[in-house]
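Colleague: There's a structure below that I have some questions on.
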Amino acid sequence: MTRIDRRRFLQFGSTAAALGFTADGGDIAAASSATVQGPAEETITMSGDGLGLTPPESAGLLARLAENPGIARDSYSNGGVVEELEHAFAELLGKERAVFMPTGTLANHLAVRALANGASRAIVQAESHLYNDTGDTLELSNVQLVPLAPGRATFTLDDVQALLERTAGGRVARRISTISIESPVRRKSGEAFDEAELDRITAFARTEGIGTHLDGARIFLQAGFSGRPVADYARGFDTVYVSLYKYFNAPSGAILAGPRALLDDMFHTRRMFGGGLAQVWPYAAVAMHYFRGFPERYAKAVAVSNEWRQLVDEHEAFTVESIPSGTNLFLLKVRHPDLNGVRDRLARQNVRLPGPLGDGSGFRLGVNESWGRTTAAELADRFVRAIEE
């Protein structure tokens, strides 16, 4: 079996430390496991988009945050720390206004509803969350979703124009009011919508007076891998949704950002749909805590993950398989007869893996900010020890 020189790993680690790729020792840890040993804040969780906080960890963090006199409660999801969070997201996304939503499902629905401005059709990806997981927008908002590009993350401007021509030639007029794009696409293992097509489609929509919405639940993750600022992605869209729980680690919640003319009175519609929760300051406080400095922390995690992939790929027991046009998800194929044993040995080194793939070939891993708690060399060395013990 090919071995990687551990001294070489340590040399890589020294270089990484000099570049700032060291553990950040954040306030709150990744989710713990019965077999993970050592402080939770040092655990590297190699799956999922966020830290996967346990109930005790979430409660402990919230108790500490609540002692801050700057944490003011809201009233029916308005004001207080909720308003502070809205302002922070609006500024970073380059939008005039942002509104808290209790779920991403509601954020997407109300964005399309507002952009449609009446009975119409909205173009979506066939693989999108909006099309598959929200029960449509027809019954509640009289907006029919028209899916494009089944099996693909990206539809093209040609696809859009062909649909518009077909719609215009129908026997009953039915306008296309909105185009919604999800990126990255979870049903395609985090594959990003082609950026050139995205820019072409949003530019075309502006000239045609068609509203555009970005389901950017994970857009901060995509930005971490592409190096393109989130505001640059959001710029071409009228509205954008960002999740608060996936990697900002709130128990729930979402942000919908866009123009004031569309969102200033959105709290009325939110309440009409049952989303005007009496108090959501706990969600906003936790999200605000992790929002601060997230792009920098995640950039460190991405750098560690990229170097780590190169290192482990040198060992004959490991093969890294990337997702085409992917973001934070990838496959690690492991040639070993006992993957659960490898997983347990890594857990004893404060590295938490998901369960093995169904075919027993390895693991599907996800890069979250916990990867920035160590160096690529140290993390690769732990994998080698787990294989060779």
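Counting the sequence shown from 1 gives a position; the working numbering is that position plus 29. Even for Gly, the Cβ is constructed at its ideal location relative to N, Cα and C.
Using the C-alpha atoms, what's the distance from residue 106 back to residue 146?
Modeller: 24 Å
Colleague: How many angstroms separate the CA atom of residue 190 from the CA atom of residue 179?
Modeller: 17 Å
Colleague: Spell out the partners DSSP gives residue 129 in its beta bridges.
Modeller: 284
Colleague: Since residue 310 and residue 102 should fall inside the 8 Å C-beta cutoff, what is the C-beta to C-beta distance between them, to a whole number of angstroms?
Modeller: 5 Å
Colleague: Quick check on DSSP: helix, strand or coil for residue 171?
Modeller: coil
Colleague: What is the rounded straight-line gap between the Cα of residue 50 and the Cα of residue 328?
Modeller: Residue placement at residue 50 cannot be trusted, given a pLDDT of 31 that sits under 50; the coordinates are not used to answer.
Colleague: Around the Cβ of residue 236, are there at least 16 other Cβ atoms within 10 angstroms (buried) or fewer (exposed)?
Modeller: Its Cβ having fewer than 16 others within 10 Å, residue 236 is exposed.
Colleague: Have a look at 265, 172 and 254 and flag the residue whose alpha-carbon is nearest the alpha-carbon of residue 234.
Modeller: Nearest to residue 234 by C-alpha distance, out of 265, 172 and 254, is 265.
Colleague: By Cβ distance, which residues of its chain are closer than 7 Å to residue 312, with the 5 residues on each side in sequence left out?
Modeller: Excluding positions up to five away in sequence, the list reads 273, 279, 280, 281 and 282.
Colleague: Can you tell me which of the three DSSP states residue 503 falls into?
Modeller: Any answer about residue 503 is impossible in this case: the structure gives the chain only from 30 up to 418.
Colleague: Please report how far the alpha carbon of residue 138 lies from the alpha carbon of residue 295, in whole angstroms.
Modeller: Those two C-alpha atoms are separated by around 12 Å.
Colleague: In chain order, what are the residue ranges of uninterrupted alpha helix (DSSP H) at least 4 long that sit wholly in the stretch 274-344?
Modeller: Within the stretch 274-344, the alpha helix (DSSP H) runs of at least 4 residues that lie entirely inside it are, in chain order, 289-292, 295-301, 310-320 and 323-341.
Colleague: Assuming residue 128 and residue 285 form a contact by the criterion Cβ under 8 Å, report the distance between their Cβ atoms to the nearest whole angstrom.
Modeller: 5 Å
Colleague: Residue 381 to residue 301, Cα distance in whole Å?
Modeller: 42 Å
Colleague: Should residue 245 go down as buried or exposed, given a rule of 16 or more other Cβ atoms within 10 Å for buried?
Modeller: buried
Colleague: Taking all protein chains shown into account, decide if residue 297 is buried (16 or more other Cβ within 10 angstroms of its Cβ) or exposed.
Modeller: exposed
Colleague: Between which two residues does the alpha helix (DSSP H) holding residue 346 run?
Modeller: Taken as a continuous stretch (DSSP letters only), residue 346 belongs to no alpha helix (DSSP H), as it is neither H nor E.
Colleague: Do you know whose CA, among 376, 345 and 133, lies nearest residue 362's CA?
Modeller: 345
Colleague: Using the rule of at least 16 other Cβ atoms within 10 Å of the residue's Cβ for burial, across every protein chain shown, is residue 267 buried or exposed?
Modeller: buried
Colleague: Compute the beta-carbon to beta-carbon distance between residue 174 and residue 166, rounded to the nearest angstrom, for a pair I have assumed lies under 8 Å.
Modeller: 6 Å
Colleague: Taking residue 124 as the reference, which of 131, 73, 290 and 159 has the closest Cα?
Modeller: 290
Colleague: Does the stretch 83-98 come close enough to the stretch 209-227 to have 3 or more Cβ pairs within less than 8 Å?
Modeller: no
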